[in-house]
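**Student:** First the structure, which I've put down as structure tokens, then a few questions once you've had a look.
In structure tokens:
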């Protein structure tokens, strides 16, 4: 069973490192089936947590806007589609 409470407190870097380790273990294929299922579920929860943290960070990022004279004129929300 996945311990989502402990995942929610992990900083992005630690969650990503744990997710990468889970992927490596699963790719090796030497993990028993029941363990594979459990770590896959934890990996899925870690992935969701990382995505949420990235969305929060993205929402906080702003870009500097440039006025017609080439000088910085303020900031605007970052549009990642650009």
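In this note's numbering, the protein residues as written are 4 to 85.
For every residue, glycine included, the Cβ atom is placed at its ideal position computed from N, Cα and C.
All figures in this text were calculated on a predicted structure; none of them were measured in a lab.
With a threshold of 8 Å (Cβ to nearest heavy atom), would residue 79 be considered close to the ligand HEM?
**Tutor:** In terms of ligand content, the structure shown is empty, and the ligand HEM therefore cannot be addressed.
**Student:** Mind checking which residues open and close the alpha helix (DSSP H) that includes residue 7?
**Tutor:** The sequence position of residue 7 within the chain shown is 4, counting from 1. Element bounds for residue 7: 7–11.
**Student:** Would you be able to state if there are at least three C-beta pairs under 8 Å between the stretch 62–75 and the stretch 31–51?
**Tutor:** They do not touch, by the three-pair rule.
**Student:** Would you call the CB atoms of residue 42 and residue 31 closer than 9 Å?
**Tutor:** For the purposes of this step, residue 42 is taken as the residue at position 39 of the chain shown. For the purposes of this step, residue 31 is taken as the residue at position 28 of the chain shown. The answer is no: Cβ separation not under 9 Å.
**Student:** Please state if the CB of residue 69 and the CB of residue 45 are separated by a distance shorter than 9 Å.
**Tutor:** The residue you call residue 45 lines up with position 42 of the chain shown. The residue you call residue 69 lines up with position 66 of the chain shown. For residue 45 and residue 69, no; Cβs fall outside 9 Å.
**Student:** Enumerate in chain order the residues of its own chain whose CB-to-CB distance from residue 11 is below 8 Å, with the five nearest sequence positions on each side excluded.
**Tutor:** Position 8 of the chain shown, counting from 1, holds the residue named residue 11. So the qualifying residues of the chain are 52.
**Student:** Taking residue 64 as part of the beta strand (DSSP E), name the residues at either end of that continuous run.
**Tutor:** Numbered from its first residue, the chain shown carries residue 64 at position 61. From DSSP, residue 64 is part of no beta strand (DSSP E); its letter is neither H nor E.
**Student:** Considering only residues of the same chain and omitting the five flanking positions on each side of residue 19, which have a CB-CB separation below 7 Å?
**Tutor:** Stepping through the chain shown from its first residue, residue 19 is reached at position 16. Once the five neighbours on either side are set aside, the close Cβ partners of residue 19 are 53.
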